[in-house]
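A quick write-up on the structure given underneath.
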Amino acid sequence: MRNVLRGVGALLVSLVLTLSSLLLPSTGWAASVDEIITRGKLVVAIDTTTPPYAFLDANLKPAGFDIDVANKMGEALGVPVEFVTVTSPGRIPALLTKQVDAVISIFSITPERAIQIDFSIPYAGQSAVVIAPKSMAIKGNADLVGKKVGLTRGTAPDGLLTAAAAANPGIEILRFDDQPALMQAMISGQIDAMGGGDYGEIYLKKAENGDAFEQKYVLKTFYFGIGVPKGNDNLRQWINTWLFTMKTDGTLDALSMKCRNQPLPVLPVF
């Protein structure tokens with residue numbers, strides 16, 4: 011009889027635990043480091059329209075700083091990397107919908123994004139700037155009134171210049187889905203100015219009339235983190251440890267010099 015009661019008790023405990031797991035809110039993709047290794051691949055979201063961080067090379071293979079960082083991460087885990095291409099607005103959904111383990115895609119660390127996903131410590135950084143023709147006298151947001159300003163949808167400059175437009179009525183914001191479309195709009199005269207990364211001027215200069223453009227002013231300096239699903243502390247802490255070693259042994263700076271032709275800025279931690 012005692013054994014029967016013990017069996018019934020164990021069954022009740024099992025049922026309670028099962029019901030509890032069903033009632034608790036889902037925390038999304040929770041692939042731990044061990045699970046990634048056992049699976050045999052690391053799945054990373056990238057945006058291949060953001061040179062020099064990520065682009066398609068002559069063989070249509072992903073290349074650039076973020077790609078090198080992702081491959082180094084795979085090497086450290088002992089598994090190959092599977093890349094999933096997303097647009098800038100698709101980075102957070104890729105984590106929320108369990109498509110990827112991590113996002114490595116000039117993903118600026120912001121409090122708003124950190125409500126939905128978690129970030130590693132910074133691995134790179136750059137300034138968001140306004141770029142326009144040299145002939146235009148633009149020194150600040152107020153000088154954009156009456157002008158068409160292009161942005162890549164869902165990026166940090168989008169948020170900054172959208173706020174600037176709200177504070178300075180008369181700024182017309184035009185949003186594009188990727189950087190090549192934004193660059194083309196700038197070169198063709200569809201827009202008067204653009205918000206983007208401080209590397210944007212380099213790529214504009216490759217165009218036929220690229221020397222006609224210049225950086226006007228800095229909006230804000232941003233630092234990039236590797237995005238992981240909310241609550242996946244196991245993977246996030248491993249990434250932080252790995253990034254610490256990449257910083258201290260000079261690997262990150264070497265990748266930056268290779269892909270960006272400049273060393274990384276001083277990277278803060280949190």
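Quick note on my numbering: the sequence shown kicks off at 11 and runs consecutively. Ideal Cβ positions, reconstructed from N, Cα and C, are used throughout, including at glycine.
Beta-bridge partners assigned by DSSP to arginine 185: Leu161. Glutamate 92 sits in a strand when the DSSP states are folded into three classes. Only exposed fits isoleucine 125, as fewer than 16 other CB atoms lie within 10 angstroms of its CB. When the five nearest sequence neighbours on each side are left out, the beta carbons in the same chain lying within less than 7 Å of the beta carbon of isoleucine 102 are those of Arg123, Gln126 and Ile127, in order along the chain. Residue Asn151 holds the alpha-carbon nearest to the alpha-carbon of valine 139 among Met146, Pro132, Phe129 and Asn151. A Cβ-Cβ separation of about 7 Å places lysine 157 in contact with isoleucine 181 under the 8 Å criterion.
Residue environment analysis places threonine 231 among the exposed positions, since fewer than 16 neighbouring C-beta atoms fall within 10 angstroms of its C-beta. Looking at the DSSP output, proline 239 shares a beta bridge with Ile127. Beta-bridge pairing by DSSP links glutamate 85 to no other residue. Contact fails between the region 78–92 and the region 196–208, because fewer than three Cβ pairs, one in each stretch, are under 8 Å apart. Phenylalanine 117 sits close to glycine 235, with the two beta carbons spaced by under 8 Å.
If you ignore the 5 residues before and after arginine 185, its C-beta comes within less than 8 Å of the C-beta of Gly160, Leu161, Thr162, Arg163 and Asp168, all in its own chain and listed in chain order.
Under the three-state reduction of DSSP output, lysine 257 falls in the helix class. Distance from the CA atom of leucine 171 to the CA atom of isoleucine 119, rounded to whole angstroms, is 17 Å. Taking C-beta atoms as the reference points, proline 121 and phenylalanine 223 fail to come closer than 8 Å.
Distances from the CA of leucine 229 to each of Ile114, Gln189, Thr58 and Thr165 were compared; the closest alpha carbon is that of Thr165. In this model, alanine 195 and threonine 59 are separated by some 15 Å (Cα to Cα).
When Asn81, Ala55, Ala112 and Pro99 are compared, the shortest CA-CA separation from lysine 240 is found for Ala112. Looking at the DSSP output, leucine 66 shares a beta bridge with Pro72. Secondary structure note for alanine 138: its beta strand (DSSP E) is the uninterrupted segment 134–143. Listed in chain order, the non-local C-beta contacts of valine 53 below 7 Å within the same chain comprise Glu92, Val94, Val110 and Asp111, local neighbours out to five positions each way being set aside. Annotation for glycine 50: Val89 place their beta carbon closer than 6 Å to its own, counting only its chain and skipping 5 residues before and after.
The beta-bridge partner set that DSSP reports for glutamine 225 consists of Ile141.
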